[in-house]
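Peer 1:
Chains as they are written, first to last, in our numbering: chain Y, 2 to 580; chain F, 8 to 207.
1. Scan the region 246–274 of chain Y for residues whose Cβ lies nearer than 7 Å to a Cβ of chain A and list them as they occur along the chain.
2. Determine whether the Cβ of residue 174(F) lies closer than 9 Å to any Cβ atom of chain Y.
3. Is there a Cβ from chain F that is less than 9 Å from the Cβ of residue 521(Y)?
4. Straight-line CA distance for residue 32(Y) to residue 129(Y)?
5. Taking just the CA atoms, how far does residue 300(Y) sit from residue 345(Y)?
6. Taking the alpha helix (DSSP H) that residue 131(Y) belongs to, which residues open and close that run?
7. On the three-pair Cβ rule with 8 Å, is the region 85–93 of chain Y touching the region 52–61 of chain Y?
8. Please classify residue 43(F): is it buried, with 16 or more other beta-carbons within 10 angstroms of its beta-carbon, or exposed?
9. DSSP state of residue 429(Y), grouped into three classes?
10. Under 8 Å, with one C-beta from each stretch per pair, do the region 347–360 of chain Y and the region 161–175 of chain Y reach the 3-pair mark?
11. Kindly indicate which three-state DSSP category residue 40(Y) falls into: helix, strand or coil?
12. Quick one: list the residues of chain F neighbouring residue 377(Y), beta-carbon separation under 7 Å, in chain order.
13. Tell me, please, whether the CB atom of residue 178(F) is closer than 9 Å to any CB atom in chain Y?
14. Taking the straight line between their C-alpha atoms, what separation do you get for residue 177(Y) and residue 508(Y)?
15. Just verifying my parser: in three-state terms, what is the DSSP assignment at residue 392(Y)?
16. Report the residue ranges of all alpha helix (DSSP H) runs contained in full by the region 97–183 of chain F; include only those spanning at least 4 residues, in chain order.
17. Please report the straight-line C-alpha distance between residue 563(Y) and residue 101(Y), rounded to a whole angstrom.
18. Taking the alpha carbon of residue 1(Y) as the reference point, which residue from 460(Y), 285(Y), 243(Y), 46(Y) has its own alpha carbon closest?
19. Curious, which full-length beta strand (DSSP E) runs of at least 3 residues does the region 35–70 of chain F contain?
20. Any chance the region 460–474 of chain Y sits against the region 370–389 of chain Y, with 3 or more Cβ pairs inside 8 Å?
21. Within this structure, are the beta carbons of residue 278(Y) and residue 297(Y) separated by less than 9 Å?
22. From residue 71(Y) to residue 208(Y), what does the alpha carbon distance come to, in whole angstroms?
23. For the pair the region 141–149 of chain F and the region 70–83 of chain F, tell me if three or more CB-CB distances fall below 8 Å.
24. Within the 9 Å Cβ cut-off, does residue 160(F) reach chain Y?
25. Please report how far the alpha carbon of residue 194(F) lies from the alpha carbon of residue 162(F), in whole angstroms.
26. Rounded to the nearest angstrom, what separates residue 492(Y) and residue 434(Y) at their Cα positions?
27. What are the complete alpha helix (DSSP H) segments, minimum 4 residues, inside the region 407–475 of chain Y?
28. Put residue 197(F) into one of helix, strand or coil per three-state DSSP.
29. Along the alpha helix (DSSP H) that carries residue 4(Y), what are the first and last residues, could you check?
30. Does the separation of the CB atoms of residue 288(Y) and residue 169(Y) fall below 9 Å?
31. Under 9 Å between C-beta atoms, does residue 296(Y) make it to chain F?
32. Against residue 139(F), what residues of chain Y qualify as contacts under a CB-to-CB distance less than 8 Å, listed in chain order?
33. Quickly, what does DSSP pair residue 272(Y) with across the bridge? List them, please.
34. Going by beta-carbon coordinates alone, are residue 290(Y) and residue 274(Y) separated by less than 9 Å?
35. Secondary structure at residue 90(Y), three-state DSSP: helix, strand or coil?
36. Where does residue 11(Y) sit, in a helix, a strand or coil, going by DSSP?
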């Protein structure tokens, strides 16, 4: 490259306000390889790019360095515009001066100017090493991998499958459904997930285009957009699911009792060592929990294998590995609640529950058939305090972000509690009440007006047991008084965190995560579903805290991204060769 | 729900549940050897004995069979219960001196050597195997035979039964390890007797 031109975008907001553009132009002009430098109109406008194109032709440039505010957003348009005047991708470099200079050195004229000149001259040096652009075509494998069978993953799978393409759905546990199926009723319409989610779960299980891998995990991923090779570990369930017909005799006869993960370990609804996690499970097949099973711990028990009418129990089963080729991947791995021990000021006590534990108590199909009981003594609690922002918006104990759903789900649980215990009193301690969804504010108003839910604005400082009662200390910042409530039960709205294991998965996929472990999107507003790896998308709470309507919308949106990718038979991949 | 009081603590239990079930659900410990949550309670080992007070009168009942009732007052560790439990453990230890589980329970109440003649039996006649055979495998092979000091667990005619599916539930649930697997075969205490006893 002999004639390199440098073009600076004159954006008031991002550049000319922060640095002396004329001095940058003068400075970079002194670079020995720069034949031409100028600043021009905003390059996000046609006018700006047109003036660049004109200068390239007039000055006979064979390489350009352009500045922009976001390379991720502008790259495609810039490359396309440069191609119309005969420049190949390897002849174009884009420098994101907003991130490099504009943001970190706002209004620091001299420093910004010098840093901009350095950045541009480094880019010019880099551009000179570019030799050629190689173009290759990747034929698109029109099958998608969806990781995670919660409501977001279910929605993404169904939409891709309905679009006519095959979907591989990998779910860590033995049934799809995710967290949603654990809930009693969901806000703001109070429908029960056992009614509204199960049709989708069944559809996933029966859809001719969906290949479900339950009790499986992604082991490794290689390849690129359009052509990934995925290795899936099918964990040993010790049950031959081809033979098993889901009759449930094994879990009925198994003599080993284990706290159930689905019931969040509540004492009321234990499972057996061989178990189907819940009644509506899809697929309705059991897995054997090797850690607790009498056969594996003592070698004495063989009850399940002997009573199984289909001889489906196989103690010798080992993990299996399957390889699948896919063209696109959707990450929908969901969330987990922050552990209760995260806030040490809140005592560990049987009557201080987290949200999902209370959901299981409320659930008519739950271990108490919807009866609200204290875990310490079985008493029906007459006063319950719902505590918001436990770990959320609290960088000292938990996470600085807002978990978005706690205000609403605590309100919902308070309302359902009143349905179950008519003479009970519910209190809700909150920092701010965030009811941003459709119909949410109405819901809260209803809880206050019809159900007498008492809202106390202020953070709870301490929760501890005092005899039979649980004492909650806090403040009501609206009246300026300190608040002390003696109640029977406390429900904590704990922070939403990415599901455990997300970092390992992100490493396997090569996608970036943020500091908390949520999968990073390319752009928070304009590319919320694309990850840092082309062809890999994210949806639901794997991307950040969100409620069910948003997770479902994102699942559908991720599916449309995948379908868009599958509308092409080949993807063009441009690679810049460096000399 | 039914309110009862165990050792000064009020608990609410489902109608029809036993004192032991209610206590276990709310973390109150009552020792037991013959209770298993998936099997019908039987009341063989008597270790779960508790003192109940009703209408001002006190008596000892076994908690694994005694149903809860409104206002029932239960003492799990009263002097009377402790004395009884000690005696039971002393007798059990004398019968099954080698069982680690019984030795441990006895140690907890401060007994290392029983005052009675030490025997070398494995079976405490808790009936878990009999109930497992009846309720889990539904084969009903194992049963108690004989009475009094002659009482033991056996299969018909003291012979291994062709009906046995070898599910191993009896061996797995046995608290003392009296039923074992050897070379893939279930070995019961009656099989160790040198001569065939015949029907007693």
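Positions of the beta carbon are idealized from the N, C-alpha and C atoms, including for glycine.
Peer 2: Judging by the given coordinates:
1. The structure shown contains no chain A; its protein chains are Y and F.
2. Counting from 1 along the second chain, the entry for residue 174(F) is found at position 167. Output row for residue 174(F): interface = yes.
3. Reading the first chain from its first residue, position 520 is the one you call residue 521(Y). With 9 Å as the cut-off, residue 521(Y) does not count as an interface residue toward chain F.
4. As a position in the first chain, residue 32(Y) is number 31, starting the count at 1. As a position in the first chain, residue 129(Y) is number 128, starting the count at 1. Cα-Cα distance, rounded: 12 Å.
5. What you label residue 345(Y) is simply residue 344 of the first chain in a count that begins at 1. What you label residue 300(Y) is simply residue 299 of the first chain in a count that begins at 1. Note on geometry: alpha-carbon atoms of residue 345(Y) and residue 300(Y) lie some 41 Å from one another.
6. To locate residue 131(Y), count along the first chain from 1; it is residue 130. Here residue 131(Y) belongs to no alpha helix (DSSP H); instead the beta strand (DSSP E) covers 131–140.
7. With a cut-off of 8 Å, the region 52–61 of chain Y and the region 85–93 of chain Y count as touching, because enough Cβ pairs lie within range.
8. Position 36 of the second chain, counting from 1, holds the residue named residue 43(F). Taking all protein chains in view, the Cβ of residue 43(F) is crowded by 16 or more other Cβ atoms within 10 Å, so the residue is classified as buried.
9. Position 428 of the first chain, counted from the start, is the residue given in the question as residue 429(Y). It is a strand residue.
10. Taking a cut-off of 8 Å on C-beta distances, the region 347–360 of chain Y does not touch the region 161–175 of chain Y, as fewer than three cross pairs fall below it.
11. The count along the first chain starts at 1 and reaches residue 40(Y) at position 39. Three-state DSSP puts residue 40(Y) in a strand.
12. Working through the first chain from its first residue, we reach residue 377(Y) at position 376. Ordered by position in chain F, the residues that pass the 7 Å Cβ test against residue 377(Y) are 33.
13. The residue labelled residue 178(F) in the question sits at position 171 within the second chain. Yes, residue 178(F) counts as interfacial toward chain Y.
14. What you label residue 177(Y) is simply residue 176 of the first chain in a count that begins at 1. What you label residue 508(Y) is simply residue 507 of the first chain in a count that begins at 1. About 24 Å.
15. Locating residue 392(Y) in the first chain gives position 391, counting from the first residue. Here residue 392(Y) sits in coil by DSSP.
16. Listed in chain order, the alpha helix (DSSP H) elements of length 4 or more contained wholly in the region 97–183 of chain F are 107–115, 135–142, 176–180.
17. Mapped onto the first chain, residue 563(Y) falls at position 562. Mapped onto the first chain, residue 101(Y) falls at position 100. Computed Cα separation, rounded: 32 Å.
18. Residue numbering for chain Y in the displayed model covers 2 to 580; residue 1(Y) lies beyond these limits and cannot be assessed.
19. Segments of the beta strand (DSSP E) lying fully in the region 35–70 of chain F: 56–61, 64–69.
20. Touching, yes, given that three or more Cβ pairs across the two stretches are closer than 8 Å.
21. In the first chain, residue 278(Y) corresponds to position 277, counting from 1. In the first chain, residue 297(Y) corresponds to position 296, counting from 1. No, these two residues do not count as a Cβ contact at 9 Å.
22. As a position in the first chain, residue 71(Y) is number 70, starting the count at 1. As a position in the first chain, residue 208(Y) is number 207, starting the count at 1. Each residue's alpha carbon lies about 41 Å from the other.
23. With the cut-off at 8 Å, the region 141–149 of chain F and the region 70–83 of chain F do not touch.
24. Walking along the second chain from the start, residue 160(F) turns up at place 153. For residue 160(F), the answer is no, since every Cβ of chain Y falls outside 9 Å of its Cβ.
25. Taking the second chain and counting its residues from 1, one reaches residue 194(F) at position 187. Taking the second chain and counting its residues from 1, one reaches residue 162(F) at position 155. CA-to-CA, the gap between residue 194(F) and residue 162(F) works out to about 12 Å.
26. Numbered from 1 along the first chain, position 491 holds the residue referred to as residue 492(Y). Numbered from 1 along the first chain, position 433 holds the residue referred to as residue 434(Y). Each residue's alpha carbon lies about 17 Å from the other.
27. 407–421, 441–452, all fully within the region 407–475 of chain Y.
28. Residue mapping note: residue 197(F) aligns to position 190 of the second chain, counting from 1. Of the three classes helix, strand and coil, the one that applies to residue 197(F) here is helix, per DSSP.
29. Indexing the first chain from 1 puts residue 4(Y) at position 3. Neither: residue 4(Y) is in no alpha helix (DSSP H) and is coded neither H nor E.
30. Taking the first residue of the first chain as 1, we reach residue 288(Y) at position 287. Taking the first residue of the first chain as 1, we reach residue 169(Y) at position 168. No, Cβ-Cβ distance for residue 288(Y) and residue 169(Y) is not below 9 Å.
31. Residue mapping note: residue 296(Y) aligns to position 295 of the first chain, counting from 1. Interface residue (Cβ-Cβ distance to chain F less than 9 Å): residue 296(Y) is classified as such.
32. Locating residue 139(F) in the second chain gives position 132, where the first residue counts as 1. Within 8 Å Cβ-Cβ: 256.
33. As a first step, residue 272(Y) is located in the first chain; it is residue number 271 there, counting from the start. Residue 272(Y) pairs with 259(Y).
34. The sequence position of residue 290(Y) within the first chain is 289, counting from 1. The sequence position of residue 274(Y) within the first chain is 273, counting from 1. Closer than 9 Å, so yes.
35. Within the first chain, the letter at position 89 stands for residue 90(Y). Residue 90(Y): helix per DSSP, three-state reduction.
36. Position 10 of the first chain, counted from the start, is the residue given in the question as residue 11(Y). Here residue 11(Y) sits in coil by DSSP.
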